[in-house]
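Undergrad: Protein chains in written order, with our numbering: chain C, 1 to 514; chain G, 515 to 1010.
Glycine is no exception: its CB is placed at the ideal position from the N, C-alpha and C atoms.
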Amino acid sequence: MSSLPLISILTFLPLVGAALVFGVDRERRQLARGLTLAVNILALALVAALWVNSNPADGGMQFTERHVWIPTLGIEYHVALDGLGLVMLMLAALVIPMAVLASERVRENVPLYCGLFLFLQGGLFGAFTALNFFHWFLFWELSLIPAFFLIKLWGGPQRSEAALQFFVYTMVGSIALLLAFLALFLATGTFDFLKLAELARTKALGPAVDAKFAWLGLGAGKAYLLLFVGALLGFAVKVPLWPFHTWLPLTYAEAPTPVSMALTGVMSKLGVYGFVRLLLPIFPEPMQALLTPLLWLAVATIVLSAFAALAQRDLKRILAYSSINHLGYCLLGVFAAASATGTALDRTAALNGVVLQMFNHGITASLLFCFVAFLEDRSEGARGLDDFGGLRKVAPVFCGLMGLALFSSLGLPGLNGFIGEFLIFKGVFPLVPWAAVLALPGLLVTAIFILTVIQKVWCGPLNEKWARFPDLTYNEGAVVFPATLLMFALGIWPQFIIAVINPTVVQWVRQLPF
Amino acid sequence: MLAWTIYLSFAGALACLLTPRANPRATRAVALGTALAGLFCGLAGAIQFKPVNGLEVITRVRWIPALGIDFSLAADGISVTLVLLTGIAALAGVLFSWNVERRTNEFFAFFFALIGGVYGVFLSLDLFLLFVFYEIAIVPKYFLIAIWGSTRRDYAAMKLALYSFIGSGMVLIGMLAAYAVSGLASFDLQALAQHSFAPEFQRWAFPLVFVGFAILAGMWPFHTWAPTGHSAAPTAASMLLAGVVMKLGAYGCLRVAMTLFPEGLKMWQHELAALAVTGIVYGALVALVQKDFKFVIGYSSVSHMGFVLLGLVTLNEVGWSGAVLQMFSHGVIAGLLFAVVGRMVYDRTHTRDLDALEGMGLTRAMPFASVTFVIAGFASMGMPGFSGFIAELQVLIGAWQAFPKLALLAGVGIVIGVVYTLKTTATVFFSDKPAPAEPHDLDHPLEPITVPERLGAALLIFCTVVVGLHPRLLLDIIVPSFKSPLFDGLRKVAGL
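#1: Hey, is residue 11/C's beta-carbon within less than 8 Å of any beta-carbon in chain G?
#2: Can residue 673/G and residue 742/G be called in contact, C-beta distance under 8 Å?
#3: Checking contacts by CB at 8 Å: is residue 946/G closer than that to chain C?
#4: Please tell me whether, using a cut-off of 7 Å, the distance from the CB of residue 100/C to the nearest non-hydrogen atom of the ligand ADP is below it.
#5: Can you name the residues of chain C whose CB is closer than 8 Å to the CB of residue 483/G?
#6: Could you tell me the alpha carbon to alpha carbon distance between residue 496/C and residue 52/C, rounded to whole angstroms?
#7: Along chain G, in chain order, which residues have C-beta atoms closer than 9 Å to that of residue 168/C?
#8: Return the residue from the list 538/G, 602/G and 822/G that minimises the CA-CA distance to residue 614/G.
#9: Quick one, are the C-beta atoms of residue 808/G and residue 856/G less than 8 Å apart?
#10: Using DSSP bridges, identify the partner residues of residue 575/G.
#11: Could you spell out where the alpha helix (DSSP H) holding residue 489/G opens and where it closes?
#12: Can the beta-carbon of residue 677/G be found closer than 8 Å to that of residue 739/G?
#13: Assuming residue 383/C contacts residue 375/C under a Cβ cut-off of 8 Å, what Cβ separation, rounded to an integer in Å, is found between them?
#14: At a CB-CB cut-off below 9 Å, which residues of chain G make contact with residue 145/C?
#15: Show which residues of chain G have a CB atom less than 8 Å away from the CB atom of residue 183/C.
#16: Suppose the cutoff is 6 Å on Cβ atoms and the five residues either side in sequence are ignored; what does the same chain contact list for residue 46/C look like?
#17: Excluding the 5 residues flanking residue 737/G on each side, which residues of the same chain have their C-beta closer than 6 Å to its C-beta?
#18: I'd like to know if residue 921/G contacts chain B, where contact means its C-beta is closer than 8 Å to some C-beta of that chain.
#19: Please confirm if residue 963/G has its CB atom under 8 Å from at least one CB of chain C.
#20: Check the DSSP bridge columns for residue 984/G and list the partner residues they point to.
#21: Residue 911/G touches chain C at which residues, Cβ-Cβ below 7 Å?
#22: What residues in the region 136-166 of chain C bring their beta carbon closer than 9 Å to a beta carbon of chain G?
#23: Would you be able to state if there are at least three C-beta pairs under 8 Å between the region 67-84 of chain C and the region 247-259 of chain C?
#24: Write down the C-beta distance between residue 624/G and residue 657/G rounded to the nearest angstrom, noting that I regard them as a contact closer than 8 Å.
#25: May I have the straight-line CA-CA distance separating residue 799/G from residue 921/G, to the nearest angstrom?
#26: Of all the options 393/C, 501/C, 512/C and 443/C, which has the alpha carbon lying nearest to the alpha carbon of residue 461/C?
#27: Quick one: give me the first and last residue of the beta strand (DSSP E) that residue 69/C is part of.
#28: Once you ignore the five residues that flank residue 912/G on each side, which residues in its own chain have a CB closer than 7 Å to its CB?
#29: Residues of chain C with CB under 7 Å from residue 971/G, in chain order?
#30: According to the Cβ coordinates, are residue 117/C and residue 99/C closer than 8 Å?
#31: On the DSSP bridge assignment, give the partners of residue 569/G in chain order.
#32: Out of 983/G, 1000/G and 993/G, which has the shortest C-alpha to C-alpha gap to residue 76/C?
#33: If I'm right that residue 845/G touches residue 604/G with Cβ under 8 Å, what's the distance once you round it to whole angstroms?
#34: Ignoring anything shorter than 4 residues, give me the alpha helix (DSSP H) runs that lie fully in the region 762-834 of chain G, in order along the chain.
#35: Exposed or buried, which one is residue 455/C when buried takes at least 16 other CB atoms within 10 Å?
#36: Quick one: does residue 539/G have its CB under 8 Å from some CB of chain C?
This is how it looks when you write it as structure tokens:
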């Protein structure tokens, strides 16, 4: 089993599938959907095989594949998995089929639509496994293309603007990131993440960068810091970190809802993944140097987006701001892990929380968007907070399951949302108490807006317009039920995932230079 | 083998001219055969290419011994790369000119005269010979635009010819001065490159020759011929103009100006880099506000050629190999873009106005064209996986090393490139605007995309993807070229 290049097969499987699905006749919608799901299931099986065959006690890289690609530029085909990669692959393998299943409302050019989803999945698999900058960047950018078209061609009324804004914002960040890594390459001669992290760990990277750019006269550590800021920009846009979030609400609102599922469920995780995999190990010292402003930004992200969500009237926009809010906790955890004082135990708790939160938010947020998609199916696109009311009476199952997802998002213990945030706060509190305290109002406001949603949509007098509102169908139930089970399972028994990520996190913390 | 590309092209030009005007089919067959033969020779030459120390002399025949002029051809990895590009561009050009009905025989005769000249420039080792081929290439360009062109073709053809001649005038002065000052009584590039000219001489000779060539490469602020020329030219000619003729300029900069006067490059390095980056950013900004589809692509060429020039003046090997790769990459991608704009869209809709095209719902009418343009657009904006990315990546690495601030500006240029490419793609092919109410001559269905067009597009897409994913195919022959004796002076100045 281990001799097979499983990761490469996994990466290229959806891409080949996409090519196949593109070729399906426009009118044969069911065939396109069926093919797509078959590829998705195959991919999920492969990820499961990787999961089962991995050695959880070993926190390092497994299933390594390494080939020469462009030797003159230090570019290799280098893929491998550790706990983080494995969890992210699982997330991408789960969310994309959910999004495809939630796309019943899409009638126009289904093969192209489904093919683009597979393309997106391939891009994500590639980006979560690549360990060489060139290779990683290829997939990171590649995943933008399908997302752009999915928004541009199937989105809401302002889709053109949203798609362009989404693409260009991300691109600006990507170019900053690219320039930063080119500079690192010049200083070190390598694009390999592991080698760069090793250099950073031995504190050789900063001096190397300084030496290369000494003639700029910036002073010790400044050039390294500058490169960190460039790289940070790329991921800050993607996650997003306040104030680089302005593209997101429009994009999430205008994208077709299944695409919003993929965007918030997995694509935003690419950004957090970058923080954990690239920024923290490769730029630990600059991150520490800028710790206070970064923490302020994370706190602002958490608190401001919660208030912004409170002010929204469109369900998708509420969920969009709530996504910003939830990923803000991840960033808080990552930054706090770079704090100068603190124990390894606290850092481990914070980073474990970050990875858990990434996975949990991916499941919960995409489930919530999925419910909104079902709601839109019934309401012919209406999704205003005030458009509904009293739905609980006519659609109890729908409301009950969506309520569970909302409570998970709120962080109710027993559901999956709680444990990640709890671990993050458990780690952040001793590391940087002030930031943890300042972020707490975010939790409170989140509770308020989520309860507002429940109250306005489910409770109160029944809006007569929706007296014939159908309850969840079996097909829809088949989509959301497994995810709901997963929410419970992870809430009650998070060890399932922690067992995979903890050894990896422990190893990261050990490798931090402070 | 490589030298045959030149002879075959000129022979093909003659053969095309001799085919009867009434029988365009015969002409096309001859043209296709010539293009295929040229590409085949180029490929075979590239496969056999095993230079001893970077440069391989192919032929050397005394031509005008009294003046030290030889008919000498030689190839290094740079020439081989560009010969391959020319072969690809020629084949694609023929495929996309399949619908030329007017004076077909003359059209292809000029076409192959141009191609022959281009092959000649890329393979000449003698400076005088290089100049002769360079001039040969200018004349057919003029006629191709003046006779088969579209909007404002006389103006565009004249402008292009004048700019070219001014550039060659500058080159000629520099070249003769080098001949006289060196006292070698030879035009042999290798001999001249190994002669060290006095710094004072290089100070003025270098910019003269470099700028003379760079005019043809579309260097800002001497770029204005390019968008007008590209737009007025018939499709195949704009493909060749952007695809290979602009490369002649860049090649001249590298092969003549830089190898002969390396210290001059060192003296003017920062000024030229500033011009190159201005071109990158300015070209992209102007492309952003164009209303004419072809002008968008024309200015994007100026912007992308800025990367070539930037790479050349970085004075390091990464920058140079990036510049050469970018020449290849831009040749392929620009060819593809012009093919979609000129052949697939303009020949069918008879308009290039973006506002007019917006209402036509072209993605439904021409799905193949829209998919091709989307791919070409992503390739052009520097998406990883296409050849443009790995080329611009290397230029940026080189620029980071030499002038970090300008590298940042070039990054800005890339972002603007993304914006105009996406905007144009969205406007032309994916507009939300409903078709206009008044009857338009588009009510009849557009003629479907023909087989030659499909083949041509497939060829160009294949090239950009293969080089993008496996750049070693070209890098492995480009990089050793910088070790050849031609580059001794440059390497010394660069401290390599």
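TA: Answer, in terms of the structure:
#1: Reading the first sequence from its first residue, position 11 is the one you call residue 11/C. It does not: the Cβ of residue 11/C has no partner Cβ on chain G nearer than 8 Å.
#2: Indexing the second sequence from 1 puts residue 673/G at position 159. Indexing the second sequence from 1 puts residue 742/G at position 228. Contact: yes.
#3: Translated into positions along the second sequence, residue 946/G becomes position 432. Yes, contact with chain C.
#4: The ligand ADP is not part of the structure shown, which contains no ligands of any sort.
#5: No information on residue 483/G is available, as it lies outside the stretch 515 to 1010 that chain G covers here.
#6: The sequence position of residue 496/C within the first sequence is 496, counting from 1. The sequence position of residue 52/C within the first sequence is 52, counting from 1. Spanning the two alpha carbons is a distance of roughly 12 Å.
#7: Numbered from 1 along the first sequence, position 168 holds the residue referred to as residue 168/C. The answer, in chain order, is 929, 932, 933 and 936.
#8: Within the second sequence, numbered from 1, the residue matching residue 614/G stands at position 100. Of the listed residues, the one whose Cα sits closest to residue 614/G is 538/G.
#9: Counted from its first residue, the second sequence places residue 808/G at position 294. Counted from its first residue, the second sequence places residue 856/G at position 342. Yes, they are a contact pair.
#10: Walking along the second sequence from the start, residue 575/G turns up at place 61. Answer is 585/G, bridged to residue 575/G.
#11: Shown here, chain G extends from 515 to 1010; a query on residue 489/G therefore has no answer.
#12: Along the second sequence, one-based indexing puts residue 677/G at 163. Along the second sequence, one-based indexing puts residue 739/G at 225. A contact, by the Cβ cut-off of 8 Å.
#13: Translated into the one-based positions of the first sequence, residue 383/C becomes position 383. Translated into the one-based positions of the first sequence, residue 375/C becomes position 375. That pair is a contact at about 6 Å.
#14: Sequence index remark: in the first sequence, residue 145/C carries index 145 (1-based). Residues of chain G passing the Cβ test: 888, 892 and 897.
#15: Here residue 183/C refers to the residue found at position 183 of the first sequence. Neighbours of residue 183/C in chain G, taken as residues at a C-beta separation under 8 Å, are given in chain order as 914 and 918.
#16: By one-based count along the first sequence, residue 46/C stands at place 46. The answer, listed in chain order, is 10.
#17: As a first step, residue 737/G must be located in the second sequence, where it is residue number 223. Result list for residue 737/G: 816, in chain order.
#18: Judged by its chain identifiers, the structure shown contains no chain B, and its protein chains are C and G.
#19: The sequence position of residue 963/G within the second sequence is 449, counting from 1. Taking Cβ atoms only, chain C never reaches closer than 8 Å to residue 963/G, which makes this a no.
#20: Translated into the one-based positions of the second sequence, residue 984/G becomes position 470. Paired residue(s): none; residue 984/G is not in a bridge.
#21: Taking the first residue of the second sequence as 1, we reach residue 911/G at position 397. Within 7 Å Cβ-Cβ: 182, 185 and 186.
#22: 137, 138, 139, 140, 141, 142, 144, 145, 148, 149, 152, 153, 157, 159, 160, 163 and 164
#23: no
#24: On the second sequence, residue 624/G is found 110 positions in, with the first residue counted as 1. On the second sequence, residue 657/G is found 143 positions in, with the first residue counted as 1. Right, the Cβ-Cβ distance comes to about 5 Å (below 8 Å), so this counts as a contact.
#25: Here residue 799/G corresponds to residue number 285 of the second sequence, with the count starting at 1. Here residue 921/G corresponds to residue number 407 of the second sequence, with the count starting at 1. So the alpha carbons of these two residues sit roughly 17 Å apart.
#26: Residue mapping note: residue 461/C aligns to position 461 of the first sequence, counting from 1. Selected option, being the one with the closest Cα: 393/C.
#27: Indexing the first sequence from 1 puts residue 69/C at position 69. Unbroken beta strand (DSSP E) run through residue 69/C: 62-70.
#28: As a working note, residue 912/G is residue 398 in the second sequence. Excluding positions up to five away in sequence, the list reads 825, 828, 830, 832, 833 and 836.
#29: Within the second sequence, residue 971/G is the residue found at index 457, counting from 1. Those do not exist, as residue 971/G stays about 16 Å from chain C at its closest Cβ, beyond 7 Å.
#30: Sequence index remark: in the first sequence, residue 117/C carries index 117 (1-based). Sequence index remark: in the first sequence, residue 99/C carries index 99 (1-based). Yes. Within cutoff.
#31: Position 55 of the second sequence, counted from the start, is the residue given in the question as residue 569/G. Answer by DSSP bridge pairing, in chain order: 590/G.
#32: In the first sequence, counting from the first residue as 1, residue 76/C sits at position 76. Ranking 983/G, 1000/G and 993/G by Cα distance to residue 76/C puts 983/G first.
#33: Here residue 845/G refers to the residue found at position 331 when the second sequence is read from its first residue. Here residue 604/G refers to the residue found at position 90 when the second sequence is read from its first residue. Not really, about 11 Å apart at Cβ, beyond 8 Å.
#34: 776-802 and 807-827
#35: Start at 1 with the first residue of the first sequence, and residue 455/C comes out as number 455. Counting Cβ neighbours within 10 Å, residue 455/C comes out exposed, since fewer than 16 surround it.
#36: Taking the second sequence and counting its residues from 1, the one referred to as residue 539/G is at position 25. Among the CB atoms of chain C, none fall inside 8 Å of the CB of residue 539/G.
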